[in-house]
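Structure, as structure tokens:
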Amino acid sequence: METHQSYWLPSEESEIEENRGGSIVEDQDTLSVEEADNKSRIAEILSGLAEILNEVFENEGKDSSETNITVSAVLDVFMALQYLHRVPVPDFMYLLGGGIGVEWLNEKKNKTFVANFRGNSKIVYAGLLGGDDKLHGSVPLQETKIKKLEYLVDDALNESI
Amino acid sequence: MTVEVPGSSRLSRFIFSKSHFARESRRVKHGAFVPTYSAKIQKLAASVLDGNELSEADIWSAGVTFAEAERTDGRKLKARADIKCEVVLNCKDCNLAVIRETSLHELHANIENWPEVESAQLLAATELSQKSKLELPSETELEVLRSKH
Chain A
1 METHQSYWLP
11 SEESEIEENR
21 GGSIVEDQDT
31 LSVEEADNKS
41 RIAEILSGLA
51 EILNEVFENE
61 GKDSSETNIT
71 VSAVLDVFMA
81 LQYLHRVPVP
91 DFMYLLGGGI
101 GVEWLNEKKN
111 KTFVANFRGN
121 SKIVYAGLLG
131 GDDKLHGSVP
141 LQETKIKKLE
151 YLVDDALNES
161 I
Chain B
1 MTVEVPGSSR
11 LSRFIFSKSH
21 FARESRRVKH
31 GAFVPTYSAK
41 IQKLAASVLD
51 GNELSEADIW
61 SAGVTFAEAE
71 RTDGRKLKAR
81 ADIKCEVVLN
91 CKDCNLAVIR
101 ETSLHELHAN
111 IENWPEVESA
121 QLLAATELSQ
131 KSKLELPSET
141 ELEVLRSKH
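So the protein lines, in turn, are chains A and B.
Using the working numbering, the letters of the first sequence map in sequence onto residues 1 to 161.
Using the working numbering, the letters of the second sequence map in sequence onto residues 1 to 149.
In structure tokens form, the structure reads like this:
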């Protein structure tokens with residue numbers, strides 16, 4: 001079975017290094033390209049999530065019943081995007097009724113793949129893949145289960161297909 | 001009695017989140033059409049305005065004085081998604097209906113009859129967003145409307 005590094009948590013080594021107050025310069029020198037890419041991706045995910053959370057927080061306290069985003073929804077999105085690490089970081093949006101939606105778009109091919117997260121450890125997805133080619137479904141948020149999703153998103157975004 | 005909106009009508013779905021549209025590419029995203037449970041009609045619905053007979057200014061005016069004013073979360077109107085009613089009705093495999101609900105506004109309607117399965121709802125919302133047209137307001141115009149209201 002294919003396995004993937006769980007890079008959203010610091011590796012044991014880097015955590016130990018940080019706890020020891022190790023040299024930052026040295027850490028950067030030894031940073032692999034893959035690790036740098038991972039960190040860049042995490043930053044992009046967090047930035048996208050922060051943007052929609054800020055929008056929700058601006059209205060916090062007025063009536064959050066419609067616009068509330070649960071912590072579990074945020075965590076679900078974050079975890080799913082770690083598992084789906086072969087596809088680009090999507091656009092994020094808040095969902096009426098609570099939750100987070102994400103969207104991958106291939107404008108040239110007129111293909112769209114979307115997924116919603118309600119914080120219930122489930123991904124609900126749908127794809128418009130050109131013409132009458134459509135799909136929808138849901139998968140539990142488990143690495144082995146959502147590999148299919150990664151293939152579908154990758155397929156939708158692939159220019160050569 | 002349910003009254004269906006004619007297929008020729010232009011429906012406007014008011015948008016209150018900047019995450020529900022892409023300004024640069026002038027696209028509506030699926031989040032704008034995801035339905036919510038309506039306590040009034042006790043089913044899933046996406047609220048729209050039948051703006052067929054209205055001018056641009058009147059549609060934005062309704063957006064501010066009706067849709068924005070009715071909100072309890074203080075969100076401001078950001079944009080709207082326009083879609084022909086017949087496009088909603090003809091959405092393949094969706095089987096949606098557009099039903100008037102005029103208790104708050106005489107031109108208000110709901111997109112109803114959403115599929116039971118959540119992923120099918122998502123597919124329908126995505127189709128509607130793709131087939132709708134993004135309209136952006138002039139901020140100055142909206143401020144004038146708000147000050148009048």
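Using N, Cα and C, we set each Cβ at its ideal position, and we do this for glycine too.
Nearest CA to the CA of residue i: which residue from the options?
| i | options | result |
| --- | --- | --- |
| N158 of chain A | A:Q142, A:T144, A:K111, A:L84 | A:K111 |
| G7 of chain B | B:V87, B:S17, B:L122, B:R75 | B:V87 |
| F16 of chain B | B:K76, B:T72, B:E56 | B:K76 |
| D155 of chain A | A:R118, A:K145, A:S40, A:N106 | A:N106 |
| N95 of chain B | B:L136, B:E127, B:D73 | B:E127 |
| L44 of chain B | B:F21, B:Q130, B:E116 | B:E116 |
| D120 of chain A | A:V139, A:L128, A:D132, A:L84 | Contrary to the premise, residue 120 of chain A reads as Asn rather than Asp in this sequence. Comparing Cα-Cα distances from N120 of chain A to each of A:V139, A:L128, A:D132, A:L84, the minimum goes to A:V139. |
| G31 of chain B | A:L135, A:A115, A:H136 | A:A115 |
| W104 of chain A | A:T144, A:L96, A:L152, A:D133 | A:L152 |
| L123 of chain B | B:S138, B:L145, B:E141, B:K92 | B:K92 |
| T144 of chain A | A:E55, A:D133, A:L84, A:D91 | A:L84 |
Answer with yes or no whether the minimum CB distance from residue i to chain B is below 8 Å.
| i | result |
| --- | --- |
| Q142 of chain A | no |
| Q5 of chain A | Note that Q5 of chain A scores 34 on pLDDT, short of 50, meaning its location in the model is unreliable; the coordinates nonetheless yield the value given after this. It does not; no Cβ of chain B falls within 8 Å. |
| N120 of chain A | no |
| I45 of chain A | no |
| I42 of chain A | no |
| N116 of chain A | yes |
| E15 of chain A | A caution first: E15 of chain A carries a pLDDT of 38, below 50, which makes its placement in the model too unreliable to give a value. |
Check the Cβ of residue i against every Cβ in chain A and list those closer than 9 Å, keeping chain order.
| i | result |
| --- | --- |
| Q130 of chain B | N110, T112, L128 |
| A120 of chain B | A126, H136 |
Just to make sure I have the definition right: I need the residues of chain A whose C-beta is within less than 7 Å of the C-beta of residue i. Which are they?
| i | result |
| --- | --- |
| E24 of chain B | By Cβ distance, chain A contributes nothing, its closest Cβ being about 11 Å from E24 of chain B, past 7 Å. |
| K18 of chain B | E55 |
Between residue i and chain A, is any beta-carbon pair separated by less than 8 Å?
| i | result |
| --- | --- |
| G31 of chain B | yes |
| T126 of chain B | yes |
| L123 of chain B | yes |
| A81 of chain B | no |
In chain B, what lies closer than 7 Å to residue i by C-beta?
| i | result |
| --- | --- |
| L165 of chain A | The shown model of chain A, from 1 to 161, leaves out residue 165 of chain A, and the question about it has no answer. |
| D155 of chain A | The premise fails here: D155 of chain A is roughly 16 Å from chain B at the closest Cβ pair, so nothing lies under 7 Å. |
| E103 of chain A | K29, H30 |
| I52 of chain A | S19 |
Does the separation of the CB atoms of residue i and residue j fall below 8 Å?
| i | j | result |
| --- | --- | --- |
| V99 of chain A | I69 of chain A | Going by the sequence as given, residue 99 of chain A is Gly instead of Val. Cβ distance < 8 Å, so G99 of chain A and I69 of chain A count as in contact. |
| I83 of chain B | S132 of chain B | yes |
| K29 of chain B | M93 of chain A | yes |
| L81 of chain A | V71 of chain A | no |
| R10 of chain B | F33 of chain B | no |
| A81 of chain B | V98 of chain B | no |
| A46 of chain B | I111 of chain B | yes |
| A73 of chain A | F117 of chain A | yes |
| L136 of chain B | R23 of chain B | yes |
| F21 of chain B | L142 of chain B | no |
| L104 of chain B | D50 of chain B | no |
| V77 of chain A | L49 of chain A | yes |
| S61 of chain B | L145 of chain B | yes |
Per the DSSP calculation, residue i is bridged to which residue(s)?
| i | result |
| --- | --- |
| M93 of chain A | A:G101 |
| P140 of chain A | A:K122 |
| T112 of chain A | A:L105, A:L128 |
| E4 of chain B | B:I99 |
| T36 of chain B | B:A45 |
| S12 of chain B | B:L49, B:D82 |
| D111 of chain B | Residue identity differs from the one stated: residue 111 of chain B is Ile in this sequence, not Asp. Beta-bridge pairing links I111 of chain B to B:A46, B:V98. |
| A22 of chain B | B:R27 |
Below 9 Å on C-beta distance, what does residue i contact in chain B?
| i | result |
| --- | --- |
| F92 of chain A | S19 |
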